[in-house]
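Undergrad: Structure incoming, see below.
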Amino acid sequence: MAVSETDAHYDVHAVEEKWLPVWERLDAFRADDAAALSGEREKRYALTMFPYPSGDLHMGHAEVFAIHDVLARYWRFRGHDVLNPMGWDSFGLPAENAAIRNDEHPATYTYANIETQFESMRRYGVSFDWSRRLHTSDPEYYRWTQWLFLKFREQGLAYRKNSPVNWCPNDQTVLANEQVLADGTCERCGAEVTKRELTQWYFRTTHYAQELHDCLDDLQDSWIGKVVNAQRNWIGRSEGAHVSFAVEGHDPITVFTTRPDTLWGATFMVVAADAKLAGELVTTEQAQALEDYLVEVRKASDIDRLATDRPKSGVFLGTYAVNPVNGERLPIWASDYVLADYGTGAIMAVPAHDQRDLDFARAMDLPVRRVVDTGDENPEETGVATSGNGTYVSSGPLDGLTDKAEGIHRVIELLEADGTGTGTVNFRLRDWLLSRQRYWGAPIPIIHCAACGEVPVPGDQLPVELPELRGADLKPKGTSPLGGAREWVEVACPSCGGPAERDTDTMDTFVDSSWYFFRYLSPNDATQAFDPALAKAWGPIDLYIGGDEHAVLHLLYARFFTKVLRDLGLIDWDEPFSAYLSQGKVINGGRKMSKSLGNGVNLGEQLEKFGVDAVRLTLVFASPPEDNIDWADVSPSGASKFLQRAWRLAGDVASAAGDDAAAGDTALRKVTHKTIHDAAQLLESYRFNVVVARTMELVNATRKAIDSGCGAADPAVREAAEAVAILLSLVAPYTAEEMWERLGHQPSVAQAAWPTVDPALLVEDSVTAVVQIQGKVRARLEVAPDISEADLEALALADPGVVKAIDGRDVRKVIVRAPKLVNVVIGG
Numbered sequence: 001m002a003v004s005e006t007d008a009h010y011d012v013h014a015v016e017e018k019w020l021p022v023w024e025r026l027d028a029f030r031a032d033d034a035a036a037l038s039g040e041r042e043k044r045y046a047l048t049m050f051p052y053p054s055g056d057l058h059m060g061h062a063e064v065f066a067i068h069d070v071l072a073r074y075w076r077f078r079g080h081d082v083l084n085p086m087g088w089d090s091f092g093l094p095a096e097n098a099a100i101r102n103d104e105h106p107a108t109y110t111y112a113n114i115e116t117q118f119e120s121m122r123r124y125g126v127s128f129d130w131s132r133r134l135h136t137s138d139p140e141y142y143r144w145t146q147w148l149f150l151k152f153r154e155q156g157l158a159y160r161k162n163s164p165v166n167w168c169p170n171d172q173t174v175l176a177n178e179q180v181l182a183d184g185t186c187e188r189c190g191a192e193v194t195k196r197e198l199t200q201w202y203f204r205t206t207h208y209a210q211e212l213h214d215c216l217d218d219l220q221d222s223w224i225g226k227v228v229n230a231q232r233n234w235i236g237r238s239e240g241a242h243v244s245f246a247v248e249g250h251d252p253i254t255v256f257t258t259r260p261d262t263l264w265g266a267t268f269m270v271v272a273a274d275a276k277l278a279g280e281l282v283t284t285e286q287a288q289a290l291e292d293y294l295v296e297v298r299k300a301s302d303i304d305r306l307a308t309d310r311p312k313s314g315v316f317l318g319t320y321a322v323n324p325v326n327g328e329r330l331p332i333w334a335s336d337y338v339l340a341d342y343g344t345g346a347i348m349a350v351p352a353h354d355q356r357d358l359d360f361a362r363a364m365d366l367p368v369r370r371v372v373d374t375g376d377e378n379p380e381e382t383g384v385a386t387s388g389n390g391t392y393v394s395s396g397p398l399d400g401l402t403d404k405a406e407g408i409h410r411v412i413e414l415l416e417a418d419g420t421g422t423g424t425v426n427f428r429l430r431d432w433l434l435s436r437q438r439y440w441g442a443p444i445p446i447i448h449c450a451a452c453g454e455v456p457v458p459g460d461q462l463p464v465e466l467p468e469l470r471g472a473d474l475k476p477k478g479t480s481p482l483g484g485a486r487e488w489v490e491v492a493c494p495s496c497g498g499p500a501e502r503d504t505d506t507m508d509t510f511v512d513s514s515w516y517f518f519r520y521l522s523p524n525d526a527t528q529a530f531d532p533a534l535a536k537a538w539g540p541i542d543l544y545i546g547g548d549e550h551a552v553l554h555l556l557y558a559r560f561f562t563k564v565l566r567d568l569g570l571i572d573w574d575e576p577f578s579a580y581l582s583q584g585k586v587i588n589g590g591r592k593m594s595k596s597l598g599n600g601v602n603l604g605e606q607l608e609k610f611g612v613d614a615v616r617l618t619l620v621f622a623s624p625p626e627d628n629i630d631w632a633d634v635s636p637s638g639a640s641k642f643l644q645r646a647w648r649l650a651g652d653v654a655s656a657a658g659d660d661a662a663a664g665d666t667a668l669r670k671v672t673h674k675t676i677h678d679a680a681q682l683l684e685s686y687r688f689n690v691v692v693a694r695t696m697e698l699v700n701a702t703r704k705a706i707d708s709g710c711g712a713a714d715p716a717v718r719e720a721a722e723a724v725a726i727l728l729s730l731v732a733p734y735t736a737e738e739m740w741e742r743l744g745h746q747p748s749v750a751q752a753a754w755p756t757v758d759p760a761l762l763v764e765d766s767v768t769a770v771v772q773i774q775g776k777v778r779a780r781l782e783v784a785p786d787i788s789e790a791d792l793e794a795l796a797l798a799d800p801g802v803v804k805a806i807d808g809r810d811v812r813k814v815i816v817r818a819p820k821l822v823n824v825v826i827g828g
């Protein structure tokens, strides 16, 4: 049924159809670049992670968009110039795999899903500026992804090398270390990841390792702590020393160690079995044993190899090194528990004080020597390494010392004096492997010429567009499908004009998502990736909202890109996201939603049943943003009933718009102004669920005032109802528009201003003090806000209910927290 003044409820779907065209006509959410450039208003860049177009929106999208929209709308109310864009991360394997299954082009799947999601987002009423919509698979977008790649290469930050890489046998493509899950499987398809030797493109993320680490200190208070810690752990900064070991018959080996003070405990060395160094060190007699061992090593992922509970295995290389502090000969082994790309690919093994070294020593019957007495039992006897601090023993000049820092300092001085080592810093972070052997991604803009080598595609020839492949032509073959498009591959060298070939790999889709928030600034600019003036005006992003699953990969890469763009002179800020909010997941019945578990919740069905506003309100009200929401524990039907109560409230207002609220009921006005005041503070601290609760309380207080005292004609009722409409527009925009219209205002409520708070109405006449005895509430007292602790204690102990509860027993202690709490502790 249609909306009318006499209906007890309204048709939510009719209301949605009514307001969507109004919002589009008003174009209320378009960001004002001119205002941003002039600085006339304080800016806010609100960003939520753009989705991959795989099917329609799901409950996770519904949650993050609802949460995100609360702040974007609030900032507009506060008079800020708000940039709130949206687009699609539209390259990637799912579209390519769907194209193979359906014998179609990946764009068919991709753009059909984009339109489906767009219509759902449009209906969901999020205040996005759709004039900035972008898709990373559009040539107009990836032209600039390619341009950035070439700019990085000019700076020495993009390069090609041959090395062991993670290989997904199912998707037939390489993976960055960050794309291999903790169990050694592919994050995309779940297949077990193996190793291959390939020549691949890398971004030199390690060039910024120190800065990426140090800047986390500045983000500690504005990012979620666990995300900062995840970044810090992945970067993995460690201080120590590079130590040079002479090798009989070979050049010296340099190893990195965080504990050079334990050199006297080194009893062997280990080289990564798949490192080039192992092949150089192995003797002729041991070469076949190493080759046989490598067959098994290449089957394991880096995660597996680093697992502490993995049985240790290895091969003696037949070669010895010399310990620089005591001259001892150390046998050199090859093993899979050392990684080729960590440090120098070799370690000194101190089995008494490192569990993996100890496990290897015991497996290979190698000696164990304790050099730090921690007070624990000898590791050689217990099989448990001791890694704590203690007294140095069997350590030459360190014997008797108990300060680890001093021990490390002395050894580094000794090594530097002898020319056998230097103090240094090492990082776990590796360079970003970005090339992929798949089709649906941005082609790498390099041409390979036999005469000229690697030649960049000239800027006026960008973008290098993908050839029109589809279906069977896209099937992975161990090399990129692009290699089969010979007309596309074979080109003239831009440098010498001779025959050459395009690079047939495409870029990791994380490259696209590492800079998309810059393209939002000028998405239709055909002359540059983005306008530096707009970047200066709008950046950095004031709040970024996304999921925990991106705590390492995406955020780290985006931070890297930002620092490179700064050094290229295109921006003047160091970090992309001033604040980061990580939202929880929507689960059902205590478990992640899954078709196999039969507990999935279809967003479309929920919207049809309850309407957009009820779903949005439910998701925001259910919990703080960072917590999970269990759909089995929430009530969209209850949210729907509350929204109807609020809507009816607006219809009951009988005073005229513009009537002076100061003449109205003071008690109701105090509730209204306290709610508005507290809501602002709660919104700034992301306590959105509490704002909803306070709005519900204001609706109840207003209804009570109408029914029991001041009446619908009181201007205080109008003031309260208008405040409800503004607060509700943060989470329930359709209902809020209906209320605003019923209250006699022109659309849109989103263009209203945040209500002004009268400080005088925030002063409390009295405060409720709770009196507890042995933790149980025995009385509530109305007291003055400035009551002294002595007076509050006296009032509490004189209260008849308290006297009765004490019942003559001894009062041992009275704890007073004026003006709100008295806690009485009594004897038996």
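Just so we're aligned: the sequence shown equals residues 1 to 828 in full-length UniProt numbering. All C-beta atoms in this analysis are idealised placements derived from N, C-alpha and C, irrespective of residue type, glycine included.
Mind checking who D81 pairs with in its DSSP beta bridge?
TA: DSSP lists K43 as partners of D81.
Undergrad: Just the C-alpha distance for S685 and L290, rounded to the nearest angstrom, thanks.
TA: Distance between the alpha carbons of S685 and L290: 58 angstroms.
Undergrad: Have a look at A28, Q146, S729 and flag the residue whose alpha-carbon is nearest the alpha-carbon of S435.
TA: It is Q146 whose Cα lies nearest to the Cα of S435.
Undergrad: At 4 residues or longer, what runs of the alpha helix (DSSP H) sit wholly inside the stretch 106–134?
TA: As far as the stretch 106–134 is concerned, its whole alpha helix (DSSP H) runs of at least 4 residues are 106–124.
Undergrad: Please state whether DSSP places W515 in a helix, a strand or coil.
TA: Three-state result, W515: coil.
Undergrad: Classify N177 as helix, strand or coil using the three-state DSSP reduction.
TA: It is helical.
Undergrad: Are the stretch 45–65 and the stretch 114–121 touching, with three or more C-beta to C-beta distances below 8 angstroms?
TA: The stretch 45–65, when compared against the stretch 114–121, does touch it at the 8 angstroms Cβ threshold.
Undergrad: Would you mind reading off the limits of the alpha helix (DSSP H) that contains E738?
TA: It spans 733–742 - the alpha helix (DSSP H) in which E738 sits, taken as one unbroken run.
Undergrad: With a threshold of 16 other CB atoms inside 10 Å of the CB of D359, please say whether the residue is buried or exposed.
TA: Buried is the call here.
Undergrad: Would you say the stretch 637–654 touches the stretch 726–744, given that touching needs at least three Cβ pairs under 8 angstroms?
TA: Yes: at least three Cβ pairs fall under 8 angstroms.
Undergrad: Assuming C710 and V717 form a contact by the criterion Cβ under 8 angstroms, report the distance between their Cβ atoms to the nearest whole angstrom.
TA: Correct: roughly 7 angstroms between the Cβ atoms.
Undergrad: Which class does F245 belong to by DSSP, given the choice of helix, strand or coil?
TA: F245 falls in the strand class under three-state DSSP.
Undergrad: Should the stretch 93–100 be regarded as contacting the stretch 436–443, the criterion being three or more beta carbon pairs within less than 8 angstroms?
TA: The answer is yes - the stretch 436–443 touches the stretch 93–100, with three or more Cβ pairs under 8 angstroms.
Undergrad: Does L781 come out as helix, strand or coil in the three-state DSSP assignment?
TA: Three-state DSSP puts L781 in a strand.
Undergrad: Where Y544 and S514 are concerned, what is the direct C-alpha to C-alpha distance, given to the nearest angstrom?
TA: Those two C-alpha atoms are separated by around 13 angstroms.
Undergrad: What first and last residue would you give for the alpha helix (DSSP H) that runs through Y141?
TA: Counting along the chain, the alpha helix (DSSP H) containing Y141 begins and ends at 139–154.
Undergrad: Return helix, strand or coil for V325, following the three-state DSSP convention.
TA: Looking at V325 - three-state DSSP - the assignment turns out to be coil, as it is neither helix nor strand.
Undergrad: Using alpha carbons as the reference points, say which of V180, A535, I447 lies closest to D572.
TA: Nearest C-alpha to D572: A535.
Undergrad: Suppose you measure from the CA of N84 to the CA of T768; what does that come to, to the nearest Å?
TA: If you take the alpha carbons of N84 and T768, they lie about 43 angstroms apart.
Undergrad: Grab the span of the beta strand (DSSP E) containing S163 for me, first residue to last.
TA: Per DSSP, S163 belongs to the beta strand (DSSP E) from 158–168.
Undergrad: Taking 6 angstroms as the limit between beta carbons, can you name the residues of its chain near V771, skipping five residues before and five after?
TA: Only R778, A779, A796, V802, V822 meet the Cβ criterion.
Undergrad: Thinking C-beta only, is C449 closer than 8 angstroms to G498?
TA: In contact: G498 and C449 (Cβ atoms closer than 8 angstroms).
Undergrad: Among A363, G400, S313, which residue has its Cα nearest to the Cα of G383?
TA: That would be A363, whose Cα lies nearest to the Cα of G383.
Undergrad: Where does G396 land, buried or exposed, given buried means 16+ other C-beta within 10 angstroms?
TA: Burial call: exposed.
Undergrad: Between the alpha carbons of L134 and N162, how many angstroms are there, rounded?
TA: Cα to Cα, the separation comes out at about 35 angstroms.
Undergrad: State yes or no: is the C-beta of residue 852 within less than 8 angstroms of the C-beta of A713?
TA: Residue 852 is absent from the structure shown; the chain starts at 1 and stops at 828.
Undergrad: For W488 versus R502, is the C-beta spacing smaller than 8 angstroms?
TA: Going by C-beta atoms, W488 is nearer than 8 angstroms to R502.
Undergrad: Pull up the DSSP beta-bridge partners for P331, would you.
TA: According to DSSP, P331 bridges with Y320.
Undergrad: Quick one: grab the DSSP three-state call for Y544.
TA: Strand, per DSSP.
Undergrad: How far does the alpha helix (DSSP H) with W647 in it extend, from its first residue to its last?
TA: It spans 636–652 - the alpha helix (DSSP H) in which W647 sits, taken as one unbroken run.
Undergrad: What's the C-alpha gap between E285 and G318?
TA: Computed Cα separation, rounded: 8 angstroms.
Undergrad: Considering T756, what are the terminal residues of the alpha helix (DSSP H) in which it resides?
TA: Careful: T756 lies outside any alpha helix (DSSP H) and carries neither H nor E.
Undergrad: Can you list, in chain order, the stretches of the beta strand (DSSP E) that have 3 or more residues and sit fully within the stretch 382–452?
TA: The stretch 382–452 contains these whole beta strand (DSSP E) runs: 421–427, 446–449.
Undergrad: Between D508, T735, E248, which lies nearest to E328 when the distance is taken from Cα to Cα?
TA: Of D508, T735, E248, the residue nearest in Cα terms is E248.
Undergrad: So, is L597 buried or exposed, given that buried needs 16 or more other C-beta atoms within 10 angstroms?
TA: Label assigned to L597: exposed.
Undergrad: Please name the residue, chosen from L198, Q231, I332, W333, that lies closest to Q210 on a Cα-to-Cα basis.
TA: The option with the nearest alpha carbon to Q210 is Q231.
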